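So the sequence shown is numbered by our numbering: it starts at 484 and just counts up by one. Encoded as structure tokens, the structure appears first; notes follow it.
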Amino acid sequence: MRDPRYDILFEPVKIGPLTAKNRFYQVPHCNGGGYRDPSAAAEMRRIKSEGGWGVIFTEQTEMHHTSEITPFIELRLWDDADIPALARMAKAMHQHGALAGIQLAYSGINGPNLYTKEVPRGPSALPIRTFTNDPVQARAMDKQDIRDLRRWHRNAFKRAKLAGFDLVCLYGAHGFGIIQHFLSTATNQRSDEYGGSLENRSRLMRELIEEGRDAIGDTCGLTLRLSLDEMIGELGFANSEVRDMIEMHADLPDLWDLAHGAWEDCSGPSRFKEEAAQESLVSGIKTLTSKPVVGVGRFTSPDVMVRMIRSGTLDFIGCARPSIADPFLPKKVEEGRIEDIRECIGCNICITGDMTMSISRCTQNPTFMEEWRKGWHPERMQAKGDSDSVLIVGAGPAGLEAARALGLRGYQVAIAEAGTELGGRVARECRLPGLSAWGRVRDYRQYQLSQMSNVDVYFESRLSAEDILAFGFQNIAIATGSIWRRDGVARAHVVPMPVDPAMPVYTPDDLMGGNVPTGNVVLFDDDHYYMGGVLAELMARDGARVTLVTPSAYVSDWTRNTLEQGAIHRRLAELGVEIVLNRIVTRIVPDGVATACAYTGTRHDIAADAVVLVTSRQQDDGVWRELKARRDEWADSGIRSIKVIGDAEAPGPIAWATYAGHRFARELDELDIGDALPFRREVTALAAE
């Protein structure tokens, strides 16, 4: 039963001619599927409709072929051929009463047109501003180009309506949309009626909205997504000017959708952005307009959501990442099951799907984007198979997720944990600077397991192969994790590097165990994800003089995909960490390290009192290997299956581990599919010759 404190979240709110059934508003978000995997994306959105969201939007949808963002995979509405896939998505969104929204994007100076080979167009002639620094420039749009752009938008509005969408959103945020490019003096250097004053720079926006309303009639709502502050200095579209513009055009769109700056500002990870981090930027804007306002801020707490509404800051609670981590968040609030919310940890692994042009993942929700491909529902499991018992060795993220999902299926599950707490690597990593929210991976599963009478946890239970063979469990999952290597093997060194025994060498496991070096410390990062930067921050805050050496051109290179690489570099620089890029530690010597340029091999030695190696991990799979060697004893011990999962099989990010645990639970006792694909996919149909 719903707590009356949260009643306000379930009030209906009008958006133009339509009414949303509640204030839960899934703002547009990427998913790595786009035009390549439309059925997977549609089913993902249908699940959110089932989960109780009042408004559900697509991701960025390219509305014309003269502006596309290849290699990134988004939706397309280039012509009528794109309507059926989008209609399937709109129908899925409607299934449980949500309003279906589509976000139309003309990317302007963010559209390199690598696929269509069209010349990009923008307000002014400037280089294309993309993640990949494509060597392409946009030409300045003339009056005919603007007339064409307005016509293309009208066509897209009509197609969106034909596809069945209730709401059409014009994208002018995160630096990705043509409206923002015209509004910002950084990208609009025109001297005609579309440039100069704020009124002139707003002209295209007004024209598109007014003409859009004519195109879609009075049965669809028209919303506008804007950046709250470009955060680029005097030339940018600052928060004060945003407010002036909204006041000037207070009732122009049916809803104002407000999001902070560039994508990395808006969707920064929990390490750098707290919940409701954009509150100060959006506060007071509602007083400037009679139209509803939606804002974002990685909202996971219903109490914070209520405060945002009652304070008059927002009308709708905008969520992207929280809706991925728990598509049933609204329904759980409505049913009084707050403790069952699977809270987003703000790791941004979901965003890496878009950035790497692959199907997205979620650390907390391993069913994300597998709803259609594998038929996985985030809240339901199939009944158990013809066996009864499962022993899980290890209570890290893979083991905990396997136990949770198997418990839901109805198996008798025992978890044997060698230590004294649940969580494995998550329990250690969440104590590092900025990563406390990652503890939610453990906390959610710990609570769920505590509610299951068919799951038992045994601490200080380090098991041998002999123990496992003697217990009599029918199925075994080996989820014993991994350990960081001390020999430097990773990408730069595929065999152990020379290490002088006189130099103290540490690994991330040492530091997470409380053994933190002091003095002059060289950290060699050949892992390239978050760990090297986090440990450098830990040591610097502890007083060490840290030099971070990496073969990459960037600190924590892969975090460019999680939108935090720039923030990591800035923080380390502010803490006084010396950053050495494009260099390899070639050997560890008695008084420091020898390094070589990654390109030329030029040598440079760095003095150190200690060295930290953040290189690669080695799976802790000794028990699995011993059990595999004794396979002929399994049947006599009553064992039907033994499988190694998660980091014990192959180390990866935490999301890979929770996925592995969930997959093990789903597939246990299921039919062997042989060489068939373990997921559904859509294959491009051949055009007629």
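Don't be surprised by glycine CBs; every beta carbon is placed ideally from N, CA and C. The structure presented is a predicted model; accordingly, all values stated were derived computationally and were not measured.
Nearest C-alpha to P521 among Y508, A878, A575, D486: A575.
In the three-state DSSP reduction, E1061 falls in the strand class (E or B). Counting the other CB atoms within 10 Å of its CB gives P981 a total below 16, which places it among the exposed residues. Per the C-alpha coordinates, the member of W967, G517, A1159, A524 positioned closest to T544 is G517. Classified as buried, R708 has 16 or more neighbouring CB atoms from the shown chains inside 10 Å of its CB. A distance below 9 Å separates the beta carbons of L587 and A643.
Residue burial is scored here from C-beta neighbours: M731 has fewer than 16 other C-beta atoms within 10 angstroms and is therefore classed as exposed. In this chain, A1159 is not harboured by any beta strand (DSSP E), its DSSP state being neither H nor E. Distance between R1149 and H1011, taken at the CA atoms: about 32 Å. Scanning its chain for C-beta atoms nearer than 7 Å, with the 5 sequence neighbours on each side dropped, one finds around E884 the residues P849, R928, T1141, G1144, H1145, in chain order. With a 10 Å radius around the Cβ and a threshold of 16 neighbouring Cβ atoms, D740 comes out buried. The residue among G879, E494, E762 with its C-alpha nearest the C-alpha of R925 is G879. Three or more Cβ pairs closer than 8 Å define a contact, and the region 844-864 meets that threshold against the region 803-820. In the structure shown, the three-state DSSP call for T706 is strand.
Short of 7 Å from the beta carbon of T1042, and not among the five residues preceding or following it, lie these beta carbons of its own chain, in chain order: Y1012, Y1013, Q1048, I1051.
DSSP, read as helix, strand or coil, puts C513 in coil. Annotation for K504: P495, G537, G580 place their beta carbon closer than 6 Å to its own, counting only its chain and skipping 5 residues before and after.
In the structure shown, the three-state DSSP call for C1080 is strand. In this structure, C827 sits away from T1045, with a CB-CB distance that is not shorter than 9 Å. Taken through DSSP and simplified to helix, strand or coil, E949 comes out as helix. Assigned with DSSP and collapsed to three states, F799 falls in strand. In the structure shown, the three-state DSSP call for K497 is strand.
If you draw a straight line from the Cα of M995 to the Cα of Q761, it comes to about 32 Å. Considering only Q578, R793, K497, the residue with the shortest C-alpha distance to G534 is Q578.
C-alpha of V909 to C-alpha of C1080: approximately 35 Å in a straight line. The alpha-carbon separation between G882 and F507 amounts to approximately 33 Å. The alpha-carbon separation between A623 and F659 amounts to approximately 17 Å. Taken through DSSP and simplified to helix, strand or coil, I768 comes out as helix. Under the Cβ criterion (8 Å, minimum of three pairs), the region 1053-1062 counts as touching the region 1026-1040.
For C913, the three-state secondary structure derived from DSSP is coil. Residue pairing of D625 in beta bridges, as defined by DSSP: absent, with no partner found. Contact between S680 and L666 fails: their C-beta atoms lie close to 11 Å from each other, not under 8 Å. Between G744 and E693 a beta carbon distance of about 27 Å is seen, past the 8 Å cut, so the two are scored as non-contacting. In this model, S1099 and L1021 are separated by some 19 Å (Cα to Cα). In the displayed model, L1151 falls within coil according to three-state DSSP, outside both helix and strand.
Listed in chain order, the non-local C-beta contacts of Y941 below 8 Å within the same chain comprise A897, I898, A899, E900, local neighbours out to five positions each way being set aside.
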